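J.: Sequences listed follow chains A and B, in order. Counted from 1, the first sequence has number 94 at position 94 by this note's numbering; the numbering is strictly sequential. Counted from 1, the second sequence has number 318 at position 88 by this note's numbering; the numbering is strictly sequential. Cβ atoms here follow ideal geometry from the backbone N, Cα and C, with glycine treated the same way. None of the values given here were measured: they were computed from a predicted structure. Pasting a structure here, questions to come.
Protein chains: 2
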Amino acid sequence: MKKKTRILLCEDDPNLGMLLKDYLIAKGFETELAVDGNEGLKTFRRSSFDFLILDVMMPQKDGFTLAAEIRQDDKHTPILFLTAKSMKEDTLEGFKAGGDDYMTKPFSMEELLARIQAILRRSAALPDADEVVQFTIGAYAFDYQKQKLSSPGFEVKLTTKENELMYLLCKNKNGIMERGYALKAIWGDDNYFNGRSMDVYIAKLRKHLKNDPAVEIINIHGKGFKLLVP
Amino acid sequence: MKKKTRILLCEDDPNLGMLLKDYLIAKGFETELAVDGNEGLKTFRRSSFDFLILDVMMPQKDGFTLAAEIRQDDKHTPILFLTAKSMKEDTLEGFKAGGDDYMTKPFSMEELLARIQAILRRSAALPDADEVVQFTIGAYAFDYQKQKLSSPGFEVKLTTKENELMYLLCKNKNGIMERGYALKAIWGDDNYFNGRSMDVYIAKLRKHLKNDPAVEIINIHGKGFKLLVP
DNA sequence: GCTCTCGGTTAACTTGATTTAACTGCGAAA
DNA sequence: TTTCGCAGTTAAATCAAGTTAACCGAGAGC
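Structure below.
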């Protein structure tokens, strides 16, 4: 049985807090509710979470301050801020850094759920930019963090999209990397144009990989791609 | 113990003024209240502050004029304007440059607090000029306080902008330093020209860093830059 | 005051990454 | 074997980043 995703919800309004908590639990998340920033920090340190939802306006300690403190220990757990709509767009922009996102009140619970799932999907499918991940693919070495693909006497710098696509292929090497999954993970949305775009990148990777004839990316019609490696 | 953040509040309505002052003090800020623009300027010159809150509509001297005068001596202390909601959006836009922001009355004190925190956090992205901060980057040593970058048999003095940019890159080494974040932290505003300016500085840093081929600044299209270090 | 230098910005232009679009061909199912 | 949707290719369009040089203003030194 799969482990449930743990969410820390930090919201001072008890009505909204309980409402959201119950909703998230009903949707299959393990959810803990903290009523202010200080309690939030304690709860965060006491346990471990996969996702944080922080209200920006809270007594004692606001959401931004809390986030900054949390980020000292933990660089990666995605944070979603809940803000009043009165806040200016660009004041908030700064807080979208590093996988964080924000949502202006009021919002529907469905919106919230959709946002959580989108963020989780992306952060689960692709490693963080500073994570060291390496693969050996036939005569090639692939370094995700450095965005480089090399074989004896050869090296290319991969673009972001090439890099992410290469990663997904490697993760599923000799197995199927599904089209829809990759499109959602990399482009965020599975549609005609993104599909065409992905094909363009598959072509680029094939070109990069043509040094070693034993390595190839084959298509599984209607399913996705398979990176064949010896 | 950490020094308290000092706020200068300039507001002619005595009721609102005292209310805000008490609230800010309760939230742990050292706060001084000035009742008009002239007094505000005097107070500003007499002491030193980390944050300014200026009412736009004041007798004697309005907030914008005051801000302009203050900006002659001081380029960086963030300013938050309090404005009547009747004011045109686009009149205000002009005053958002350089880390400044505005808030339309009426607002809740929680909102005000959240906004202050948000702005302070952004302006806190860079250490103080006298703080000792050092990084080792491959064969290089970078000293933020001395504004120097050195490698065996080599040393350059960095300009302020180079120095700040280098700091942000180092702080996120092997991870993404986001464009928008850096632009707001260093230039105070994310716009086309500042973006171009930043690119110029990235180029300068790349030149400085070309001694050690293992160190490089790569671009993450649409996101920012990554300082790759072994 | 005048001029020089320096840090920084602006502007125009080049290069690169990504998307869009149109067109081609293959493969699976009827 | 025809048909249709998926995949592959290519080129153009778009937008982001990189380069270079001119420009500008402030402070240093005359």
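Can you tell me whether V286 (chain B) is buried or exposed, with buried defined as 16 or more other CB within 10 angstroms of its CB?
T.: buried
J.: Please report how far the alpha carbon of T5 (chain A) lies from the alpha carbon of Y23 (chain A), in whole angstroms.
T.: 14 Å
J.: Any beta carbon of chain B sitting closer than 7 Å to that of D13 (chain A)?
T.: no
J.: Considering only residues of the same chain and omitting the five flanking positions on each side of L457 (chain B), which have a CB-CB separation below 6 Å?
T.: L399, K403, I447
J.: For chain B, is any of its Cβ atoms less than 7 Å away from the one on S56 (chain A)?
T.: The question names Ser, but residue 56 (chain A) in the sequence shown is Val. Taking Cβ atoms only, chain B reaches closer than 7 Å to V56 (chain A), which makes this a yes.
J.: So with Cβ pairs under 7 Å, would you call K173 (chain A) a contact of chain B?
T.: no
J.: To the nearest angstrom, how far is it from the Cα of D12 (chain A) to the Cα of L282 (chain B)?
T.: When rounded, the distance between both Cα atoms is 28 Å.
J.: Name the DSSP bridge partner or partners of G224 (chain A)?
T.: Paired residue(s): A:E178, A:I220.
J.: Would DSSP call E39 (chain A) helix, strand or coil?
T.: The answer is helix: DSSP assigns E39 (chain A) an H, G or I state.
J.: Considering only residues of the region 331-384 of chain B, which uninterrupted alpha helix (DSSP H) runs meet the minimum length of 4 residues and lie entirely inside it, listed in chain order?
T.: 339-353
J.: For my contact list, L249 (chain B) and G270 (chain B) are in at a C-beta cut-off of 8 Å; report their separation, rounded to the angstrom.
T.: About 18 Å separates the two Cβ atoms, so there is no contact after all.
J.: For V464 (chain B), which of helix, strand or coil comes out of DSSP?
T.: Any question about residue 464 (chain B) goes unanswered here, given that chain B covers just 231 to 460.
J.: Checking 7 Å against the spacing of the C-beta atoms, do K148 (chain A) and K157 (chain A) come in under that value?
T.: yes
J.: Cutting at 6 Å between CB atoms, please list the residues of its own chain near T192 (chain B), excluding the five before and the five after it.
T.: No information on residue 192 (chain B) is available, as it lies outside the stretch 231 to 460 that chain B covers here.
J.: Just to confirm my understanding: we take R179 (chain A), look at its own chain, exclude 5 residues before and 5 after, and list those with CB closer than 8 Å. What are they?
T.: Answer for R179 (chain A): D190, G195, M198, K223, G224, F225, listed in chain order.
J.: Is the distance from the Cβ of I300 (chain B) to the Cβ of F274 (chain B) below 7 Å?
T.: yes
J.: What is the DSSP secondary structure of K160 (chain A), reduced to helix, strand or coil?
T.: One point to set straight first is that residue 160 (chain A) is Thr, not Lys, in the sequence displayed. In this structure, T160 (chain A) counts as helix in the three-state DSSP scheme.
J.: What residues of chain A sit near Q347 (chain B), judged by a beta carbon separation below 7 Å?
T.: D62, F64, T65
J.: When you compare only the Cα positions, how much space is there between N268 (chain B) and E262 (chain B)?
T.: 14 Å
J.: Report the partner residues of T313 (chain B) according to the DSSP bridge assignment.
T.: T313 (chain B) is bridged by DSSP to B:T334.
J.: Pick helix, strand or coil for G324 (chain B), following the three-state DSSP scheme.
T.: At G324 (chain B) the pLDDT is 48, less than 50, meaning the model places this residue with poor confidence; the figure from the coordinates comes in the next sentence. Helix at G324 (chain B).
J.: Just curious, the alpha helix (DSSP H) that L439 (chain B) is in, first and last residue?
T.: No alpha helix (DSSP H) contains L439 (chain B), which DSSP labels as neither H nor E.
J.: Take V362 (chain B) as the anchor and find which of B:Y374, B:L413, B:A369, B:K434 has the nearest alpha-carbon.
T.: Nearest C-alpha to V362 (chain B): B:Y374.
J.: Looking at K27 (chain A): is its Cβ nearer than 7 Å to the Cβ of L113 (chain A)?
T.: Taking 7 Å as the Cβ cut-off, K27 (chain A) and L113 (chain A) qualify as a contacting pair.
J.: Is the CB of D101 (chain A) under 7 Å away from at least one CB in chain B?
T.: no
J.: Check whether the Cβ atoms of A355 (chain B) and A444 (chain B) lie closer than 7 Å to each other.
T.: no
J.: Hey, quick one: how far does the beta strand (DSSP E) through L9 (chain A) stretch, first residue to last?
T.: 6-10
J.: When the Cα atoms are used, what is the spatial distance from G324 (chain B) to D330 (chain B)?
T.: Below a pLDDT of 50, predicted positions are generally treated as unreliable, and G324 (chain B), at 48, falls in that range; no measurement from the model is reported.
J.: In the DSSP assignment, find the alpha helix (DSSP H) that holds T31 (chain A) and state where it starts and stops.
T.: No alpha helix (DSSP H) holds T31 (chain A); the beta strand (DSSP E) holding it covers 30-34.
J.: Would you say A123 (chain A) and P78 (chain A) are within 7 Å of each other, going by their C-beta atoms?
T.: The sequence given here places Ser at residue 123 (chain A); Ala does not occur at that position. It is a contact, given that the beta carbons lie within the stated cut-off.
J.: Check whether the Cβ of A129 (chain A) lies closer than 7 Å to any Cβ atom in chain B.
T.: At a cut-off of 7 Å between C-beta atoms, A129 (chain A) counts as an interface residue with respect to chain B.
J.: Measure how close the beta-carbons of Y140 (chain A) and L205 (chain A) come, nearest whole angstrom, since I'm counting them as under 8 Å.
T.: Contact doesn't hold; Cβ gap of about 11 Å is too wide.
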